[in-house]
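The structure under discussion appears below in the form of structure tokens.
Residue numbers (this note's numbering), protein chains in the order written: chain A, 1 to 220; chain Y, 221 to 530.
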């Protein structure tokens, strides 16, 4: 019940947050440039779905996850921890509200890129986009949120640089692989789903056992 | 007396460094208890332990008979105003309160709306209910934080410097509210502030925390009478007479300090001495005393004296 209340508030905030707009703009600008660059190169639609969709979702999620930091910086989390809410509900509420818009942007941009090239979406691609991608995004934003909770402000800045450069390096590698034969199979999709679920599960367990003291003492 | 807040032998260590040493105090129902002390004295740490935000090393820190960190139901009976306002800048004042009202279990929309209106009117922000908190001034945010803390009609209020950033009108509003809540609704309040004038007006009892230790506690009046030396103001016929008298009393063994203010002299005497003896000595020495009266000491003076000593 309380989780619903947190999600309701988080959604309202996310929709009014300028970082959503800038993340969406960055993704579409990147895709526009990518589309122009690879216009004459034959690429695999399944590669776009397999590599690009989760990657774009994580980029948007990373852009929005600044809200974890802001809540800690402004000490709002301290007040929230004094309410009947549990840390798990706070974390889960944020993860859900960051995952949904990131997933929508990711799927919309992937489908736009595919349709621009005149490809169609098969059943495996549809299942992957609908079921695997959101879990990948949720596990990534969840892990990021957990790290933001336990790290101090200076460590958080270092983490942001690491994630930023890792994402760009990954994107560079992904673009390079768009022409290679597809690896999107039911098996590979299941492996990605299972790995994401394991990461999500471990983070969920860690959050459940995280002490409030750890969060409070790393605020300043 | 039924204790709402119980702190006994509280010890807190951070990485082996002890920041709270055997802190003990109790707060009863409907009391406004002031926790005073200089920066770094351990006030916020004590509040955080009581709120369950920090673990205690040893001792006891109970609110409403339990530890807030372990009890969701107890947390729903407590309201807090901490250093951060706990507000969401992207949401309006109304939406912020609506969120907290739902978190605290106010289920019916009608009941919620009514209560939100009540608390917004109480802090004078009803007209600004649809404005996003991000556009609020510091003072408005602080008032809204107070409304947020009251949204669920708590039994206990923790107010950590609630008037910080408020104008004079806002400070008076907070003082009035706290007094009203404790007297009329029996709300227990733990209050910290650096404004001792405010503490003197609002709190029924205080404890002074210095270096993680409680160095004094009791009612404001008892602290003032227990820890401060008598201060006497003596009026003379002329400035010259007052100057001469000032010089004379400095030689008396029971006078601690003395300074001249025009036709009067302010004299700080030893705790065991009384005013009649001082006046008697002055008259015997040929000074024409017009009036002599004891000056009421302020909490601030006692506070400064105790902090200096500690």
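Using N, Cα and C, we set each Cβ at its ideal position, and we do this for glycine too.
Since this is a predicted model, take the numbers as computed values, not measurements.
Taking the beta strand (DSSP E) that residue 280 of chain Y falls in, what are its first and last residues? Element bounds for residue 280 of chain Y: 278-283.
Checking contacts by CB at 9 Å: is residue 421 of chain Y closer than that to chain A? It does not: the Cβ of residue 421 of chain Y has no partner Cβ on chain A nearer than 9 Å.
Applying the 10 Å Cβ sphere with the 16-neighbour rule, what's the burial state of residue 245 of chain Y? Around the beta carbon of residue 245 of chain Y, a 10 Å sphere encloses 16 or more other beta carbons of the protein chains shown; the residue is thus reported as buried.
Flag residue 82 of chain A as yes if its beta-carbon sits less than 9 Å from any beta-carbon of chain Y, otherwise no. Yes, residue 82 of chain A counts as interfacial toward chain Y.
Quick one: complete beta strand (DSSP E) runs, 3+ long, within the region 272-332 of chain Y? Within the region 272-332 of chain Y, the complete beta strand (DSSP E) runs of at least 3 residues are 278-283 and 298-301.
List the residues of chain A whose Cβ lies closer than 9 Å to the Cβ of residue 373 of chain Y, in chain order. Near residue 373 of chain Y there are no residues of chain A at all, since even the closest Cβ is about 14 Å away, more than 9 Å.
Neighbouring residues, chain A, relative to residue 323 of chain Y (Cβ below 7 Å): Simply 2, 5, 83, 84 and 85.
Taking the beta strand (DSSP E) that residue 510 of chain Y falls in, what are its first and last residues? That run of the beta strand (DSSP E) goes 509-515.
Hey, how far is the Cα of residue 163 of chain A from the Cα of residue 327 of chain Y? Roughly 41 Å between the two C-alpha positions.
Report buried or exposed for residue 203 of chain Y, applying the criterion of at least 16 other Cβ atoms within 10 angstroms of its Cβ. No answer is possible for residue 203 of chain Y: it lies beyond the span of chain Y, which begins at 221 and ends at 530.
Is there contact between the region 133-153 of chain A and the region 165-179 of chain A, where contact requires at least three CB pairs shorter than 8 Å? Too few Cβ pairs lie closer than 8 Å, so no.
Check this for me: beta carbons of residue 304 of chain Y and residue 78 of chain A, under 9 Å apart or not? A distance below 9 Å separates the beta carbons of residue 304 of chain Y and residue 78 of chain A.
Spatial neighbours of residue 103 of chain A within its chain, please: C-beta separation below 7 Å, excluding the five flanking residues on both sides. Result list for residue 103 of chain A: 57, 133, 134 and 137, in chain order.
Here's the rule I'm using: 16 or more other beta-carbon atoms within 10 Å means buried, otherwise exposed. How should residue 516 of chain Y be labelled? Residue 516 of chain Y should be labelled exposed.
Quick check on residue 473 of chain Y: buried or exposed, where buried means 16 or more other Cβ atoms within 10 Å of its Cβ? Around the C-beta of residue 473 of chain Y, fewer than 16 other C-beta atoms lie within 10 Å, and the residue is accordingly described as exposed.
Backbone CA spacing between residue 280 of chain Y and residue 463 of chain Y [nearest angstrom]: Approximately 56 Å between the Cα atoms of the pair.
Nearer than 8 Å: is that true of the beta carbon of residue 106 of chain A relative to any heavy atom of the ligand MN? The ligand MN is not among the ligands present in this structure, which contains no ligands whatsoever.
Is the shortest distance between the beta-carbon of residue 154 of chain A and the beta-carbons of chain Y less than 9 Å? With 9 Å as the cut-off, residue 154 of chain A does not count as an interface residue toward chain Y.
Is the Cβ-Cβ distance between residue 489 of chain Y and residue 451 of chain Y less than 9 Å? The answer is yes: Cβ separation under 9 Å.
Please tell me whether residue 224 of chain Y and residue 380 of chain Y are closer than 9 Å, where the distance is taken between their beta carbons. Against a cut-off of 9 Å, the Cβ pair of residue 380 of chain Y and residue 224 of chain Y comes out as no contact.
Can you tell me which of the three DSSP states residue 256 of chain Y falls into? Here residue 256 of chain Y sits in strand by DSSP.
Proximity below 9 Å, CB of residue 189 of chain A to CB of residue 128 of chain A: A contact, by the Cβ cut-off of 9 Å.
DSSP three-state call for residue 82 of chain A: helix, strand or coil? It is coil, neither helix nor strand.
Is there at least one Cβ from chain Y nearer than 9 Å to residue 69 of chain A's Cβ? For residue 69 of chain A, the answer is no, since every Cβ of chain Y falls outside 9 Å of its Cβ.
Buried or exposed (CB count within 10 angstroms, at least 16 for buried), residue 112 of chain A: Counting of Cβ neighbours within 10 angstroms places residue 112 of chain A among the exposed residues, the total staying below 16.
Is any beta-carbon of chain A found at less than 9 Å from that of residue 305 of chain Y? Yes, residue 305 of chain Y lies at the interface with chain A (some Cβ there is under 9 Å from its Cβ).
Specify whether the region 90-106 of chain A and the region 64-75 of chain A touch according to this definition: at least 3 beta carbon pairs, one from each stretch, less than 8 Å apart. In short, these stretches touch, since the Cβ pair count reaches three.
Mark residue 460 of chain Y as exposed unless 16 or more other C-beta atoms lie within 10 angstroms of its C-beta, in which case mark it buried. It is exposed - the Cβ of residue 460 of chain Y has fewer than 16 other Cβ atoms within 10 Å.
Cβ atoms of residue 6 of chain A and residue 74 of chain A: under 9 Å apart, would you say? The answer is no: Cβ separation not under 9 Å.
The region 383-393 of chain Y contacting the region 358-373 of chain Y, beta-carbon criterion three pairs below 8 Å: Three or more Cβ pairs drawn from the region 383-393 of chain Y and the region 358-373 of chain Y lie within less than 8 Å of each other, which places the two stretches in contact.
Give the single residue among Y:518, Y:228, Y:300 and Y:449 whose Cα lies nearest to the Cα of residue 475 of chain Y. If we check each option's Cα against that of residue 475 of chain Y, Y:449 comes out closest.
Is the region 345-358 of chain Y touching the region 284-293 of chain Y, taking contact as three or more C-beta pairs under 8 Å? Of all C-beta pairs linking the region 345-358 of chain Y to the region 284-293 of chain Y, fewer than three are shorter than 8 Å, placing the two stretches out of contact.
Is the number of C-beta pairs between the region 208-216 of chain A and the region 229-248 of chain Y that are closer than 8 Å three or more? Verdict: no, contact absent.
Contact list for residue 222 of chain A against chain Y, beta-carbon separation under 7 Å: In the structure as shown, chain A begins at 1 and stops at 220. Residue 222 of chain A is therefore absent and cannot be evaluated.
By DSSP, does residue 148 of chain A sit in helix, in strand, or in coil? In this structure, residue 148 of chain A counts as helix in the three-state DSSP scheme.
Would you mind telling me which residues of chain Y sit closer than 9 Å to residue 76 of chain A, beta carbon to beta carbon, in chain order? Within 9 Å Cβ-Cβ: 304, 305, 306, 307 and 308.
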